[in-house]
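The structure under discussion appears below in the form of structure tokens.
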Amino acid sequence: MNIYKFLLKQHIGAPAVPIVKEGGFVNRGELIAAKALGVSTISANIHSSVRGKVISINEDSIEISADNEADVGNYIKLKSLTPLELVEEAGIVGLGGAGFPTHIKLSNPLKPGGTVILNAVECEPILGHNILMIENKARKVIRGLHIAMEIVQAKQGKVAVKEKHKEAIEALEKAVDDYNIEICPLPDMYPVGEERAIIRELQGQLLNINELPSSANSIVINAETAYRVYEAVDMKKPLIDKSITVAGKLKGASIQIFEDVPIGTKVSTLLENAGGCREDYGELIMGGPFTGKRTTMDCPVVKTTGGILATECFPKGPEKLGLLVCACGADEKRMIEIAKDMGSHVTGIEYCKQAQKVNQAYKCENPGKCPGQAGKVIALKKTGAESLLIGNCTDCTNTVMSCAPQMKLAVYHITDGALRAVNHKLIRRLK
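Quick note: the sequence shown uses UniProt numbering, first residue 1, plus one each step.
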């Protein structure tokens, strides 16, 4: 059987509520779990990406046995009338981050002179599905941006994109000729695509860690999110497919991009479609090299899945290892897991001084702008650390490399395994 698993919580907020029953038959595009209701409740609809039989329902997920002969080009069309209602019915959430429901983000008009910003930065290394989508479907992505602009009554649009993506920029320039939209090239620095970094670079305003882009009279939406908005409004298609980068220790090409992967597909199936995964991989990550989380072969693709990475194994590490955690990178849990894989004892854990805890997670006060890390490196040296494992952004890593070697501390980065697996340059000192 080809089983697809749909998690009921694929977004920020309350889980969706199942509306189907075990043994029932569903079509591709059919609503299977409705957004939770209630005043101020944040939630999103979930639709089946396949045609088949519901075989299991529990408090966390719905499983469907797919009909392999089903036509993936067909789907149950949305029935709402207005663009905002279609976005809500489609279950669209932010596809480049934490999965905030897009209909809520677009529910309030901006003040006069407001801006909707398309985040086409493709912030994480290795991931390339957003850029490929822009290169091949720029007019549809820009159409989605324009729909969002109309919904919130924005005066203008802007597109944030790395200056190195020349073909994508050329495609965007051709696509925006009929709209009041500006293309804004940005340097190839991580995390220049972080929402507050984009507002800082494009709008000239550094938001506090608790502020939203609306404080700058702006809204930021991911490139694929904009494309799925286009699909919902112009094609009446619910969010049932996801574009994903699969990379690393693969038997085929080390970086492959899959468009329109049915949500609910198992990680193992996706890797099989990429030619299979080599047995000697290290981490299996869902997401990007910096902020991705460890996953398993049985886990399903969800709305926010951007990458599946099978990394190189980390080398045997030093006996004593200090951890420097960055709000822009891997969390403490993943870094401890890497240290364990290296066979190292963690002597101490320090956080970048710009990392501030907000609602059980950390945010950076000024993403991508390093305040200096010498004090943190010295503190870890004093714990007895012989080497460092860091998760810092490009700029912070550069400052670590300016002082750690002088203290005879070797430096490992949490992205090393992923970058080595695709023969990319490691993140260390800037030139």
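Every residue gets a Cβ at the ideal spot worked out from N, C-alpha and C, and that includes glycine.
Pair within 9 Å by beta-carbon distance, residue i and residue j
{"i": "Asn398", "j": "Ser254", "result": "no"}
{"i": "Ile62", "j": "Ile32", "result": "yes"}
{"i": "Phe6", "j": "Ile64", "result": "yes"}
{"i": "Glu122", "j": "Gly193", "result": "yes"}
{"i": "Val302", "j": "Lys242", "result": "yes"}
{"i": "Ile199", "j": "Leu207", "result": "yes"}
{"i": "Thr383", "j": "Gly292", "result": "no"}
{"i": "Tyr190", "j": "Glu85", "result": "no"}
{"i": "His47", "j": "Glu30", "result": "yes"}
{"i": "Ile142", "j": "Tyr179", "result": "yes"}
{"i": "Ile257", "j": "His129", "result": "yes"}
{"i": "Asn222", "j": "Gly97", "result": "yes"}
{"i": "Gly386", "j": "Ala404", "result": "At residue 386 the sequence reads Glu, which differs from the Gly that was named. No, the Cβ-Cβ distance between Glu386 and Ala404 is not below 9 Å."}
{"i": "Pro371", "j": "Cys393", "result": "no"}
{"i": "Val17", "j": "Leu8", "result": "yes"}
{"i": "Gly417", "j": "Glu312", "result": "yes"}
{"i": "Leu186", "j": "Val161", "result": "yes"}
{"i": "Ile181", "j": "Val152", "result": "no"}
{"i": "Gly38", "j": "Ala66", "result": "no"}
{"i": "Thr102", "j": "Val229", "result": "yes"}
{"i": "Gly144", "j": "Thr225", "result": "yes"}
One or two residues paired with residue i in a DSSP bridge
{"i": "Cys364", "result": "Ala355"}
{"i": "Gly322", "result": "Gly348, Leu388"}
{"i": "Cys277", "result": "Leu250"}
{"i": "Ala66", "result": "Gly52"}
{"i": "Cys184", "result": "Ala160"}
{"i": "Leu309", "result": "Ala247, Ile285"}
{"i": "Val26", "result": "Gly52"}
{"i": "Lys242", "result": "Val261"}
{"i": "Lys266", "result": "Pro300"}
{"i": "Ile57", "result": "Ile62"}
Local conformation of residue i per DSSP, three classes
{"i": "Cys396", "result": "helix"}
{"i": "His103", "result": "helix"}
{"i": "Met235", "result": "coil"}
{"i": "Asn130", "result": "helix"}
{"i": "Leu118", "result": "strand"}
{"i": "Glu350", "result": "strand"}
{"i": "Ile143", "result": "Ile is not the amino acid found at residue 143; the sequence shown has Arg there. Arg143: helix per DSSP, three-state reduction."}
{"i": "Lys21", "result": "coil"}
{"i": "Leu95", "result": "coil"}
{"i": "Lys137", "result": "helix"}
{"i": "Pro300", "result": "strand"}
{"i": "Arg294", "result": "strand"}
{"i": "Ser43", "result": "coil"}
{"i": "Ser214", "result": "helix"}
{"i": "Pro405", "result": "helix"}
{"i": "Ala16", "result": "coil"}
{"i": "Val72", "result": "coil"}
{"i": "Leu271", "result": "helix"}
{"i": "Ala154", "result": "coil"}
{"i": "Arg429", "result": "coil"}
{"i": "Ala327", "result": "coil"}
{"i": "Tyr227", "result": "helix"}
Limits of the unbroken alpha helix (DSSP H) element including residue i
{"i": "Met189", "result": "Neither: Met189 is in no alpha helix (DSSP H) and is coded neither H nor E."}
{"i": "Pro83", "result": "83-90"}
{"i": "Gly375", "result": "374-382"}
{"i": "Lys316", "result": "Run containing Lys316: none; DSSP gives neither H nor E here."}
{"i": "Ile338", "result": "332-341"}
{"i": "Ala175", "result": "166-175"}
{"i": "Glu201", "result": "195-203"}
{"i": "Ala418", "result": "416-421"}
Residue range of the beta strand (DSSP E) that includes residue i
{"i": "Lys249", "result": "Taken as a continuous stretch (DSSP letters only), Lys249 belongs to no beta strand (DSSP E), as it is neither H nor E."}
{"i": "Asp260", "result": "255-262"}
{"i": "Val220", "result": "218-222"}
{"i": "Glu286", "result": "Before going further, note that residue 286 is Met rather than Glu in the sequence given. Segment 284-286, the beta strand (DSSP E) holding Met286."}
{"i": "Ile3", "result": "3-7"}
{"i": "Ala33", "result": "31-34"}
{"i": "His413", "result": "410-413"}
Supposed contact pair residue j and residue i - C-beta distance, whole angstroms, cut 8 Å
{"i": "Gly348", "j": "Leu388", "result": "Not really, about 10 Å apart at Cβ, beyond 8 Å."}
{"i": "Gly287", "j": "Ala247", "result": "At roughly 12 Å, the Cβ-Cβ gap does not stay under 8 Å, so Gly287 and Ala247 are not in contact."}
{"i": "Leu127", "j": "Thr245", "result": "5 Å"}
{"i": "Gln356", "j": "Glu365", "result": "6 Å"}
{"i": "Gly368", "j": "Asp395", "result": "6 Å"}
{"i": "Arg278", "j": "Lys316", "result": "Contact doesn't hold; Cβ gap of about 19 Å is too wide."}
{"i": "Ala90", "j": "Ala232", "result": "4 Å"}
{"i": "Ser49", "j": "Ile263", "result": "5 Å"}
{"i": "Pro213", "j": "Leu419", "result": "With a Cβ gap of about 30 Å, Pro213 and Leu419 do not count as contacting."}
{"i": "Ala154", "j": "Thr115", "result": "6 Å"}
{"i": "Leu202", "j": "Cys184", "result": "5 Å"}
{"i": "Tyr362", "j": "Ala327", "result": "4 Å"}
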